[in-house]
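K.L.:
Using the UniProt record's numbering, the first residue of the sequence shown is number 1, and each one after it goes up by one. Where is the CB? At the ideal position from N, CA and C, for every residue including glycine. All values reported here derive from a predicted model rather than from experimental measurement. One structure is given below, represented as C-alpha cells, and several questions about it will come after.
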Amino acid sequence: MTDVQQRAAARQFAADWEDRGDEKQETQAFWLALLQKVFGVEEPEKYISFERRVEVDDPRTGKRTTKFIDGYIPQTRVLVEQKGRDIVLTRGYKQSDGSLLSPYQQARRYGAYLPQSEQPRWIVVCNFQTFEVHDMNFPNGEPEVLTLADLAADCSKLNFLVNTGSDAIKHEEKVSLQAGELVGVLYDALLQQYKDPTDPKTLKSLNALCVRLVFCLYAEDAGIFNHRRDMFHDYLRDIPAHGIRKALVELFRTLDQKPQDRDKYLFDDNPTLAAFPYVNGGLFADEDIEIPPFTEELKSLLLSKASQDFDWSAISPTIFGAVFESTLNPDTRRSGGMHYTSIENIHKVIDPLFLNGLKAELEEIKRIPVERTRETRLAAYQDKLASLTFLDPACGSGNFLTESYISLRRLENQVIEERIILDKGRHGYQVAGQVAWGEGALNPVQVSIHQFYGIEINDFAATVAKTALWIAESQMLKETEDIVAHQIDFLPLKSYANITEGNALRLNWEDVVPKEKLNYIMGNPPFVGYSLQSKEQKEDILSIYVDEKGKPYKTAGKIDYVSGWYFKASQYMQDTPIRTAFVSTNSITQGEQVAGVWKPLYDRFGIHIDFAHRTFRWDSEASLKAHVHCVIVGFSVAPFTEKKWLFTSERVQEAENINAYLMDAPNVFIGSRNKPLCNVPLMTTGNRPADGGHLIIEDADYADFIKEEPSAKPYIKQLIGAAEFINNKKRWCLWLVGVSPAELRKMPLVMKRVEACKADRENAPDAGRRKLADCPTQFREINNPDTFIVVPAVSSERRKYVPIGFLDKETIATNLVITIPDATLYHFGILTSNVHMAWMRAVCGRLEMRYRYSKDVVYNNFPWPTPTDEQKSRIEQTAQAILDARELYPDCSLADLYDEATMPPELRKAHQQNDKAVMQAYGFWGKLNSESACVAELMRMYQLLSER
C-alpha cells in the first residue's frame with residue numbers, strides 16, 4: 001500500500017466511523033477494519049486478540065480478580081484500552097475495586113500483570129474519536145494524541161501497530177552478524193598460526209589480512225572480479241595448504257598492480273592469477289604484512305565455510321563495517337559482543353538533518369507536469385546531490401558515512417530512472433538504458449564516496465571505514481546497473497584519502513575538509529562520562545572548552561567527553577550554513593551539565609537547536625544489547641527558517657523553540673544555586689557517616705546488640721537512606737551527640753565501635769576524613785531536626801511521583817537522602833505534586849535513567865507559586881490526605897504504594913486532588929494540558945525570577 005493509498009483508506013475509514021462508537025458492540029469491528037483497511041493486515045482477526053484474560057490483585061482484598069484487556073497485538077506488543085465515544089480519556093473513573101483510574105492507568109495496571117515477554121511496548125487508549133498513544137519506554141511521558149478526523153494526515157503515527165521492522169533490513173542485519181561471526185572464527189584460526197600471536201605487529205598484520213580476505217570474499221560473490229563469481233575460491237582451490245600463504249602474497253601483489261605493470265610472463269605462468277583485475281585504492285599496497293602458514297583445516301575454513309557456504313554480497317556495509325571492526329577489536333571480543341549502530345538509529349540522525357528535505361524536494365520535482373521543466377530540475381537536483389559534502393568527526397567504522405552515501409545514491413538512482421523514462425518518451429527508445437547522455441550513458445552516476453569525510457583515532461577502524469564505503473559503492477552500482485541495463489565497471493577502486501587518522505579533538509577540522517566546502521556534520525562521538533574520563537581525555541576537554549582568553553570554563557572538568565565535539569562543531573560552523581547532528585548520552589541535556597555544556601555554545605557561537613530526539617534507548621549492541629540512554633541534537637549557527645521538530649521515540653511535534661533541556665521552552669540554563677530562588681525553607685543533604693560502617697547497626701544485629709549492651713538503647717536511632725526510606729528497610733546507628741565520656745566508657749561494645757571508627761578514619765587516604773578521627777563518636781554531619789521532609793537522592797524513573805515523606809528527630813537521615821528541616825504540609829504538597837515532578841524530570845540529573853534529585857539544581861531553582869490563603873489551605877488539606885491515605889496501608893512500603901500497578905485507589909485519588917490544588921495555585925488548571933507545557937511555563941517563571 002502506497003502512502004497515497006493509505007491516506008485515502010484512512011480518510012474513508014474516518015468517514016465510516018464518524019458517528020459510531022459503542023464500546024461493547026463495535027470495538028472489535030473498529031480495530032479489525034482499522035488494521036485491514038488502513039494498515040493492510042490481510043487477516044486482522046489473527047493479528048489482534050480481544051478480551052485477553054489477565055489476573056490482577058485487588059488492592060483492597062489482596063485477592064486475585066479476573067480482568068479483560070480490550071485488545072492486544074502480540075507481534076508489536078500493543079495493548080489497546082477501548083472506551084465509548086462519550087468517555088473523556090484524561091478523566092479518572094471509578095473501578096469495581098473502588099479505585100479511581102484514567103483509561104491509561106487502567107490499561108497500564110492490566111499490562112503490568114502480563115508475562116514479562118508480553119509486557120506492552122505501546123498502550124493505545126481510544127474512544128473512537130481520539131487515539132492516545134503511550135510509549136512504555138517513557139511510561140510517565142506525554143502521550144501522542146491524534147484524532148479520527150485527522151487520521152488521513154496522521155496515520156503514519158500509528159505505524160507502530162504493524163511495524164515490526166523492515167524484512168529487508170532484518171535480513172541484512174542477520175547476514176551481517178553472521179558474517180561478523182565468520183570473521184571471528186577465521187581471525188581466531190589465523191591467529192593460532194602466527195609464531196608470536198601477542199606481538200602488536202602480528203595483530204596489525206592479522207587485521208590487515210582479514211580486511212583483504214573479506215574484500216576478496218565480497219568481490220567474488222558480488223561479481224566485481226571481472227564480473228566472475230568464485231574467482232577467489234577457484235584460484236586457491238587446487239593449491240595445497242602449505243602453498244596458500246605464498247599464493248595470497250602473489251595475489252595481493254597482483255591486485256595492487258596495473259596490467260601494464262605486471263610481469264609480462266604472468267599470463268603464461270599463471271593465467272588464473274593474471275585474470276584478476278587491478279584493485280588500487282591502497283587496499284593491497286603494503287607487502288610487508290605478515291601472513292601465517294595455512295593448515296588443511298584453515299584452508300577448508302576459508303574456501304568452504306567462508307567462501308562457498310556464505311554469500312557475502314548480501315551484507316549491509318553499514319552494519320558489517322561496525323561488526324567487522326568490533327570482531328577484531330580485542331576489547332569488544334573480550335566482552336563477547338559485536339557492536340553496531342542499527343540503520344534505524346542512524347536514520348534518526350540523518351533523516352531530519354538532510355534526508356527528509358532531499359526526499360521531499362525530489363517528490364516535488366516528480367510532480368512537475370511539464371516534462372522539459374521536470375528534466376531540467378532533475379538534472380539540477382542530481383548536480384546538487386553530487387555537490388553535498390559530509391563530515392563524521394568520530395567516524396569509527398564509517399557507518400554514518402556509509403548509510404548517508406547509500407541514501408544519497410538511492411535518491412540519485414531514482415533521478416536516473418526518471419530521466420530514462422523522460423528520455424524514452426522523447427526518443428521512442430524501447431530498449432532499457434539507451435539514454436542519450438553522451439559520456440554519461442557509460443556511467444550516469446555523479447554521487448561519489450569522495451563527498452564523505454571522516455576522522456578516526458583508530459587506524460584499523462579507519463581502514464574498515466574505507467572498505468565499507470567501497471562495498472557500499474559496489475552495491476549501489478549494481479542497483480544502477482539494473483536501472484540502466486548495462487554493466488558499470490567498479491574496479492579499479494578510486495584512491496580514497498578522505499578518512500583522516502587522528503584525535504578529532506586535537507585536529508583542525510579545516511585541515512580535513514575546508515568549511516566552505518562542507519554542508520553537514522554528523523556522527524556518534526564517544527560516550528565517556530566526566531567521572532570516567534582518562535587523563536588524556538580530560539586534557540582534551542580542558543583544551544577545547546576555553547573562553548575567549550583561552551582559559552578553561554569553570555565547569556569544563558564536569559562535562560561528558562562528547563561535549564568536545566559540540567564545541568568543535570560550533571566553532572567550525574561560524575559564518576557558514578553548515579548543519580550538525582550528534583548522538584550523545586542524555587546526561588548533557590540533564591541537570592548541572594546543561595549549563596556547563598551548552599551555555600558557552602549559545603553565548604560564544606550563537607548556536608540554536610533545529611531538531612532533537614529526546615531520551616531513547618540506543619540499542620547499539622548486537623550480542624550484548626547494552627542499552628545506552630541517548631539523545632540526538634541537531635544544531636547550527638546560521639539563521640534557520642525551517643520548522644523545528646522535537647521527537648519522542650517514534651512521535652514528532654513541531655516546536656517554537658527547542659532549548660538545551662530539549663523542551664519547547666525558552667533558552668534558560670539552570671545551574672547550581674546555593675539558596676532557593678523563592679522564599680522557602682533551605683534544603684540540605686543528610687548526614688554522611690564516614691565511619692567505615694562502625695557506627696551503623698544492621699537490623700539483623702540490632703536485637704543481639706541491645707541484649708548485650710542494653711544501656712546503649714537511648715543512643716540508638718533509626719538510620720534512613722534512600723533504599724531504607726523507599727523500601728521500609730530497618731537500619732540503625734549509634735547517635736552519640738552530646739554523650740559524656742563517662743557514659744561512653746560504661747558501654748564497652750559502643751567503645752569498641754568508636755575505637756574502630758577512629759582507626760578507620762586515621763588510616764583514610766583523604767586528609768579531610770583523617771581529621772574526623774578527632775570526633776570518632778559522630779557522623780561527619782550531625783543534623784537532627786525535630787521534623788523534616790525527606791527526599792530520596794536517587795529513585796526509579798518508573799514512578800509518576802518520587803516518594804517524599806515526613807520524619808522526626810528519632811530518625812537520622814544519611815547523605816543518600818535530602819532533607820528540609822521544619823517544612824510544612826504546604827511545602828510537602830507542592831513538592832509531591834505533578835508540577836514539581838514535571839520540573840524535576842526536566843532538569844534533574846540521571847543515574848542511568850533513575851532520577852537524581854539535587855537541592856542545588858532541582859529544589860533551589862524551582863519556581864514556587866504565590867497562592868492565596870484559600871489556595872494554600874487547600875494544598876495543606878490535600879497534602880494531609882496523601883499522608884492519611886498512606887496510613888491506611890501500614891504493612892506497605894513506599895515502593896509498594898507508588899508502583900503504578902498496585903497504587904491504592906485512596907492514595908491515587910489523594911494525589912490527583914493535590915495535583916489539582918497545586919495547579920490551581922499556579923493558575924495552570926484548565927490551561928495547560930501536558931507536562932511539557934507545564935515545564936515550559938515553569939521555565940518562563942524561572943527566567944523572570946532569576947532576572948530580578
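Could you please give me the residues that DSSP links to D19 through a beta bridge?
P.N.:
BP columns for D19 are empty, so no partner.
K.L.:
Quick check: what's the CA-CA separation for E296 versus K174?
P.N.:
One C-alpha to the other measures close to 29 angstroms.
K.L.:
Three or more C-beta pairs closer than 8 angstroms, one from the segment 512-531 and one from the segment 385-402: is that the case here?
P.N.:
Taking 8 angstroms as the limit for Cβ pairs, the verdict is that the segment 385-402 does touch the segment 512-531.
K.L.:
Report the rounded CA-to-CA distance for R846 versus N586, giving the unit in angstroms.
P.N.:
Answer to the nearest angstrom: the Cα atoms are 9 angstroms apart.
K.L.:
Just to check my reading of the structure: I69 and V54 have Cβ atoms closer than 8 angstroms, yes? What is that Cβ distance to the nearest angstrom?
P.N.:
Indeed they touch by this definition, with Cβ atoms about 6 angstroms apart.
K.L.:
Since S300 and D221 should fall inside the 8 angstroms C-beta cutoff, what is the C-beta to C-beta distance between them, to a whole number of angstroms?
P.N.:
Incorrect: roughly 18 angstroms between the Cβ atoms, too far for contact.
K.L.:
Could you give the residue range of the beta strand (DSSP E) that holds H450?
P.N.:
Per DSSP, H450 belongs to no beta strand (DSSP E) and is neither H nor E.
K.L.:
Leaving aside the five residues before and after I368 along the sequence, list all residues of the same chain whose C-beta is less than 8 angstroms from its C-beta, in chain order.
P.N.:
The answer, listed in chain order, is R374 and R377.
K.L.:
When we look at the beta-carbon of Y235 and count the other beta-carbons within 10 Å, is it buried (16 or more) or exposed?
P.N.:
Burial call: buried.
K.L.:
Return yes when the Cβ of W864 is within less than 9 angstroms of the Cβ of C678, no when it is not.
P.N.:
A contact, by the Cβ cut-off of 9 angstroms.
K.L.:
Excluding the 5 residues flanking V546 on each side, which residues of the same chain have their C-beta closer than 8 angstroms to its C-beta?
P.N.:
Within the same chain, V546 has close Cβ partners P552, Y553 and A556.
K.L.:
My guess is that Q533 and Y561 are in contact by the Cβ rule of under 8 angstroms, so how many angstroms apart are they, rounded?
P.N.:
Their Cβ separation, rounded to whole angstroms, is 6 angstroms, which keeps Q533 and Y561 in contact under 8 angstroms.
K.L.:
Determine the contact status of L161 and L35, defining contact as a CB-CB distance below 9 angstroms.
P.N.:
Result yes, Cβ atoms of L161 and L35 sit closer than 9 angstroms.
K.L.:
Tell me whether the beta-carbon of Y851 lies closer than 9 angstroms to the beta-carbon of V802.
P.N.:
Against a cut-off of 9 angstroms, the Cβ pair of V802 and Y851 comes out as a contact.
K.L.:
Evaluate contact between the segment 511-519 and the segment 408-419, counting only Cβ atoms and requiring at least three cross-stretch pairs below 8 angstroms.
P.N.:
Because the criterion of three Cβ pairs below 8 angstroms is not met, the segment 511-519 and the segment 408-419 do not touch.
K.L.:
Between the segment 715-732 and the segment 799-814, are three or more C-beta pairs nearer than 8 angstroms?
P.N.:
Yes, they touch.
K.L.:
Please report the distance separating the alpha-carbon of Y85 from that of T27.
P.N.:
Sequence check: residue 85 is Arg here, not Tyr. Roughly 11 angstroms between the two C-alpha positions.
K.L.:
Quick check: I726 and A879, are their CB atoms within less than 9 angstroms of each other?
P.N.:
Going by C-beta atoms, I726 is not nearer than 9 angstroms to A879.
K.L.:
What residues in its chain sit with their C-beta under 7 angstroms from that of A638, if we drop five residues either side in the sequence?
P.N.:
These residues qualify, in order along the chain: T576 and P577.
K.L.:
Taking a contact to mean a Cβ-Cβ separation below 9 angstroms, would you say F611 touches W565 in this structure?
P.N.:
Contact: no.
K.L.:
Counting only runs that start and end within the segment 66-123, where is the alpha helix (DSSP H) found for 4 or more residues in a row?
P.N.:
Listed in chain order, the complete alpha helix (DSSP H) runs (minimum 4 residues) inside the segment 66-123 are 103-111.
K.L.:
What does the alpha-carbon distance come out to for the pair T684 and W735?
P.N.:
T684 and W735: Cα-Cα distance of roughly 19 angstroms.
K.L.:
Let me know the secondary structure DSSP gives W505 once reduced to three states.
P.N.:
The sequence given here has Leu at residue 505, not Trp. Correct three-state label for L505: coil.
K.L.:
Three-state secondary structure (DSSP) at K872?
P.N.:
DSSP places K872 in helix when its eight states are reduced to three.
K.L.:
Tell me the DSSP bridge mates of E290?
P.N.:
Beta-bridge pairing links E290 to no other residue.
K.L.:
Thinking just about the alpha-carbon of each residue, which of S307, E364, F310 and S448 is nearest to the one in T402?
P.N.:
Among S307, E364, F310 and S448, the Cα nearest to that of T402 belongs to S448.
K.L.:
Mind checking T777: buried by the 16 CB within 10 Å criterion, or exposed?
P.N.:
The residue is buried, with at least 16 neighbouring Cβ atoms inside 10 Å.
K.L.:
To the nearest angstrom, report how far apart N345 and E656 are at their CA atoms.
P.N.:
Going from the Cα of N345 to the Cα of E656 covers about 25 angstroms.
K.L.:
Quick one: is L505 buried, meaning 16 or more other Cβ sit within 10 Å of its Cβ, or exposed?
P.N.:
The residue in question, L505, is buried, as its Cβ has 16 or more Cβ neighbours within 10 Å.
K.L.:
Is it buried or exposed for P240, if we count other Cβ within 10 angstroms and need 16 for buried?
P.N.:
Counting Cβ neighbours within 10 Å, P240 comes out exposed, since fewer than 16 surround it.
K.L.:
Where DSSP assigns a beta bridge to Y851, which residues make up the other side?
P.N.:
Bridge partners of Y851: S795 and R846.
K.L.:
Quick one: measure Cβ to Cβ for residue 979 and S932, integer angstroms, because I've assumed they're closer than 8 angstroms.
P.N.:
Missing from the structure shown is residue 979; the chain here goes from 1 to 948 and no further.
K.L.:
I believe R253 touches P293 by the beta-carbon criterion, under 8 angstroms. Please report the beta-carbon distance rounded to the nearest angstrom.
P.N.:
Not a contact, Cβ separation roughly 18 angstroms.
K.L.:
What whole-angstrom Cβ distance do G111 and L101 have, given they're in contact under 8 angstroms?
P.N.:
Not quite, the Cβ-Cβ distance comes to about 13 angstroms (not below 8 angstroms), so this is no contact.
K.L.:
Residue ranges of each beta strand (DSSP E) run of no fewer than 3 residues wholly in the segment 144-198, ordered along the chain?
P.N.:
DSSP runs (the beta strand (DSSP E)) wholly in the segment 144-198: 144-147.
K.L.:
Quick check on the burial criterion: 16 or more other C-beta atoms within 10 angstroms. Buried or exposed for G596?
P.N.:
Answer is buried; the Cβ neighbour count reaches 16.
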